[in-house]
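Residue numbers in the sequence shown follow our numbering, run continuously in steps of one, and reach 796 at the last position. In this text, a Cβ means the ideal position worked out from N, Cα and C, and glycines have one as well.
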Amino acid sequence: MSSINNLLSKFRQHFSRGDEKKSDKGQNLLPKIILGVIFVGVTVLFFPHSASYRFANLSEGSVSDQEIIAPFTFYIMKGENELKRDREKAIQQVLPVFIRDDSVAAQALKKFDQIITDILTIRIVKEPDTRKLMELRQIAKENNIILSDKNLEFFLRRNIVSKHSARSKSSKIDLERYFQILRGILEDIYTVGILDIDKKDIPFSHQQILVQENGKFVEQKAKYLYDLEEAKTQIVEKLRAHFQEVGDSVKVGYALLIPMLKSNIIYDSNETQRRIRAAIAQVPIVKGTILKGERIIDSHQRVTKEHVEILHSLAKALEEREASGGWLKLLLNYLGRIAIVIIALLPLTIFLLRQRPTIFWDDRLLIMITTTMLFLLFLTFIVLHYGLSKFVVPVVVLPMVLTIYFDSRVGFVSAISLILLIGILCGNDLDIVIVSVFATTMALTSLSFFRHRKRLANSVLFIGGAYFISICTLGLLRQIPLTELLQHCGNGVINGILTPIITYGFIMFFDSIFDVTSEFKLLELSDMNSPLLKMLAVRAPGTYHHSLLVSNLSEAAAEAIGANALLAKVGAYYHDIGKIFMPEYFVENQQTGKNPHDKLSPWVSSLILVNHVRKGIELAEEHKLPTAIKAFIMEHHGQSLMKYFYDKALRQKNSKSINEADFHYPGRRPTTKETGIVMLADSVEAFSRSIKEPNVGKIRNAVRGIIDERIRSGELDDCPLTVKELTIIAESFNKILLGVYHARIEYPVQQEPIEPKVTTKKSKVSLVES
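And the structure:
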């Protein structure tokens, strides 16, 4: 188990983001090209034969927009179902073959005669009965005859009681006559024949069978033959017909005859299978011929099932002619397939490159997207290969997964590319495209309506309903038979039920393998009872409270600019976990008012502050936090200057002997909007606690000043936040902080009361902002 965990850990590390941001994106282009070539190549392998694309727009119930004339003479091929049905009928006509083995009866009778001879010999020998009884026991043992000593004494009697007499009275016969009757019963059984299989196990439940006797095949009814159990029953009935029903004559006779029974009519599986193969080979695969120049369908004519079969046969004939046309036609066909796959991928590629470059240049995320797409294309291939309904393919899984990880725009654009490819694989089928687009739209709508885990559960109704409505609409348009329409609708509803389950499975897989962070993972990490957050609350309560305030600020700001609010919130929870170690050296945890830094040199103090980032990363790795959360720990201070300790160092020594780099955090500058927001929220919250008698003006100036300082120092240079977004973030911070510190507007002293109706525009604005 440990080796598996190590392997997964290495795999995750391989796909984790590096600590340094690559400046030259061109260096990352080669993996994208390789991934694209693999994707296109594998997708082309899923393509069906070109016959699927011939006349794909002409389905049963549609109206032909052209006249189609046979370009050459060709056969109308039977459909798979029709051919299968005809072959099954042919197989049903094949009679199971059995062989009568006369040697079995001869050997059984010979063995029976030998037993009779031995018994009669013992009977006439002048020996004590005890000696004779012992010899009879030996004979019974050697021949598997189960008889008690009392039954064996039966052979020592002079006469046997029989049921038959001229006057229907009991008459006595000797032992030799008794044995002759038993032998006759055995001969009768073998004359009829004993099957080596039960009648219920006869192939195809045939009533008639073929029995080979003396090199000739004779057709017989199976009911006139015995299987082994029936033969035993016949022995009992025949014995009772000859002898008294109650008496040793029946029991002894049964015990003597049962070991003699062997099957003498043997099932010949090889010959039966040979006849089946011959019958299948004789079933014609064609059911008609279309001559060159014959009209197949006229323009504006409704397409019937017969038309579809003829057109499918024509497509196969055209394909065979193309295959025999040489390698050039084959090459052109594959080039066409490659081109159509590239065209289908262009919308997604251009969108990611222009609108979501962080996804495009991240190999992990591209592999995650292509893996999901290839899985769904493979499912489509399997569905088509086995003739299943195209509506069972869970197309909506891709947009749901990508919407949960990224946003709905990424999910929808990726769905367009996937749906185009699936439509192509289905033979340019427009129906699957229409249904899938509608289902995708409704699925993404459901994800926007519901929050968190409930979104997947509630999406079942949206997806299943979308499939049902769209399939019914197309069915009415095409005038599809009701039974077929209901079957398609049922498949769509099943798809709607399975899609959220498959989506959840993909999310669990990607969270563990590709080290990406889904909403489900973030919700798990946001649990305040998690071990790491509980440890922070116990060891560094001030930092814990500070983190909660930072999370509130970050969540509100992220929501205001459309960033990932949940990621910002959870990242803020964990950004200062390194302060669990040596918490008393951080001002928010100093309850007594004594600052231990007063007794330390500024260089030592700076090392302690830097250490909380390093310790935070170590804790995150120990608790296996995702890379996205570790980024908040690493980037929330960036490379900013610890100004207090730097100024303290300047006051203690000559400024020329002080290296400013010693007082900079060695972290990474924020690279995402979310980490940039947390950096600003962290600084704003810390500074706001130092404001004496906070009011609107002081808070606004503090927020604006901190943001301006971060811009001037270059801490936001690698962050994609825009000036407009920073303004929105500042306003969001102001609202939260004003609520936290209950700041009030300082109104000028008024000598006279102001009329309630007289209010200036400025005062209205101020009241709203307060």
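Would you please state the rounded distance, in angstroms, between the beta carbons of residue i and residue j? I believe it to be under 8 Å.
i: Val596; j: Ile634; result: In fact, because the Cβ distance is near 26 Å, the residues do not count as touching under 8 Å.
i: Ser632; j: Met608; result: Going by Cβ atoms, the distance from Ser632 to Met608 rounds to 13 Å, so no, they are not a contact pair.
i: Tyr280; j: Asp222; result: With a Cβ gap of about 22 Å, Tyr280 and Asp222 do not count as contacting.
i: Glu711; j: Leu562; result: So it is not a contact: roughly 16 Å between Cβ atoms.
i: Ser462; j: Val421; result: 4 Å
i: Ile323; j: Ser544; result: 52 Å between Cβ atoms; not a contact.
i: Phe540; j: Ala343; result: That belief does not hold up - the Cβ atoms of Phe540 and Ala343 are roughly 47 Å apart, past 8 Å.
i: Val70; j: Ile364; result: 6 Å
Measuring straight from C-alpha to C-alpha, what distance separates residue i and residue j?
i: Thr697; j: Met660; result: 11 Å
i: Lys674; j: Leu470; result: 56 Å
i: Val272; j: Leu265; result: With a pLDDT of only 49 at Val272, under the threshold of 50, the placement of this residue in the model should not be trusted; the figure read from the coordinates follows. Between Val272 and Leu265, the C-alpha separation is close to 11 Å.
i: Ile506; j: Met468; result: 24 Å
i: Ile172; j: Asn240; result: 36 Å
i: Asp274; j: Glu179; result: 10 Å
i: Tyr691; j: Ile643; result: 14 Å
i: Leu549; j: Lys58; result: 32 Å
i: Gly664; j: Asp602; result: 13 Å
i: Val419; j: Ile520; result: 10 Å
i: Leu566; j: Ile495; result: The identity of residue 566 in the sequence shown is Ala, whereas the question assumes Leu. Each residue's alpha carbon lies about 56 Å from the other.
i: His338; j: Asp455; result: 15 Å
i: Leu658; j: Tyr600; result: Reading off the sequence, residue 658 comes out as Phe, not Leu. Answer to the nearest angstrom: the Cα atoms are 8 Å apart.
i: Gln233; j: Trp353; result: 55 Å
i: Thr147; j: Ser174; result: 20 Å
i: Gln381; j: Arg435; result: 10 Å
i: Gly516; j: Ala483; result: 19 Å
i: Ala370; j: Thr466; result: 17 Å
i: Thr315; j: Ala96; result: 11 Å
i: Lys115; j: Ile60; result: 52 Å
i: Met554; j: His662; result: 21 Å
i: Lys625; j: Ser666; result: 24 Å
i: Gln119; j: Leu236; result: 12 Å
i: Phe401; j: Pro74; result: 17 Å
Between which residues of its own chain and residue i is the CB-CB distance below 7 Å, once the five residues before and five after are set aside?
i: Ser49; result: Low per-residue confidence applies at Ser49: pLDDT is 38, beneath 50, and the placement is therefore not dependable enough to give any value.
i: Glu700; result: Ala584, Ala589, Asn590, Leu593, Ala594 and Gly597
i: Leu742; result: Pro696, Gly702 and Arg736
i: Leu378; result: Ile385 and Phe386
i: Asp688; result: Trp629 and Ser632
So the beta strand (DSSP E) residue i belongs to, where does it begin and stop?
i: Gly314; result: Val312 to Ile316
i: Met103; result: Phe100 to Met103
i: Ile323; result: Arg321 to Ile323
i: Gln246; result: Lys242 to Lys247
i: Gln234; result: Gln234 to Glu239
i: Ile150; result: That residue, Ile150, is in no beta strand (DSSP E); its alpha helix (DSSP H) goes Asp128 to Ile150.
i: Ile292; result: Ile291 to Tyr293
Using C-beta distances below 8 Å, list every residue in its chain close to residue i, excluding the 5 sequence neighbours before and after it, in chain order.
i: Cys452; result: Ser78, Thr406, Leu410, Lys416 and Ile458
i: Ile755; result: Ala583, Ala586, Ile587, Ile703, Leu706, Ile733 and Leu747
i: Arg209; result: Leu135, Phe138, Asp139 and Ile142
i: Ile725; result: Ser714, Ile717, Asn760, Leu763, Leu764, Tyr767 and Ala769
i: Phe72; result: Leu403, Phe404, Thr406, Phe407 and Leu451
i: Val276; result: Val262, Leu265, Arg266, Phe269 and Gln270
Within the same chain, show all residues whose beta-carbon is closer than 6 Å to that of residue i, passing over the 5 residues directly before and after it, in chain order.
i: Gln53; result: Residue placement at Gln53 is poorly supported in this model, since its pLDDT is 48, which falls under 50; the coordinates still yield a value, given next. Cβ within range, chain order: n/a, list empty.
i: Arg113; result: Ile306 and Val309
i: Arg477; result: Residue placement at Arg477 is poorly supported in this model, since its pLDDT is 48, which falls under 50; the coordinates still yield a value, given next. Excluding positions up to five away in sequence, the list is empty.
i: Arg38; result: Residue confidence for Arg38 is low, a pLDDT of 46 falling below 50, so the modelled location carries little weight; the figure read from the coordinates is stated next. These residues qualify, in order along the chain: Asp541.
For the alpha helix (DSSP H) containing residue i, name the first residue and the last one.
i: Ile2; result: Beyond the ends of the chain as shown, which are 27 and 796, falls residue 2; an answer cannot be given.
i: Phe72; result: Careful: Phe72 lies outside any alpha helix (DSSP H) and carries neither H nor E.
i: Met426; result: Val423 to Tyr431
i: Ser440; result: Ser434 to Leu451
i: Glu106; result: Glu106 to Gln118
i: Ala166; result: Asp155 to Glu168
i: Val367; result: Trp353 to Gln381
i: Phe658; result: Thr653 to Glu661
i: Ala583; result: Pro567 to Ile587
i: Val89; result: Looking at the DSSP string, Val89 is not in any alpha helix (DSSP H), and its letter there is neither H nor E.
i: Ser739; result: Per DSSP, Ser739 belongs to no alpha helix (DSSP H) and is neither H nor E.
i: Met668; result: First-last for Met668: undefined, no H or E at that position.
i: Thr217; result: Leu201 to Val218
The stretch 446-454 contacting the stretch 486-502, beta-carbon criterion three pairs below 8 Å: no
Pairs of beta-carbons, one from the stretch 162-176 and one from the stretch 116-135, closer than 8 Å: are there three or more? no
Just checking, does the stretch 244-260 make contact with the stretch 134-151 on the three C-beta pairs under 8 Å criterion? no
Is there contact here, the stretch 369-383 with the stretch 432-440, by at least three beta-carbon pairs under 8 Å? yes
Taking 8 Å as the cut-off, does the stretch 84-100 touch the stretch 325-335 (at least 3 CB pairs, one atom from each stretch)? yes
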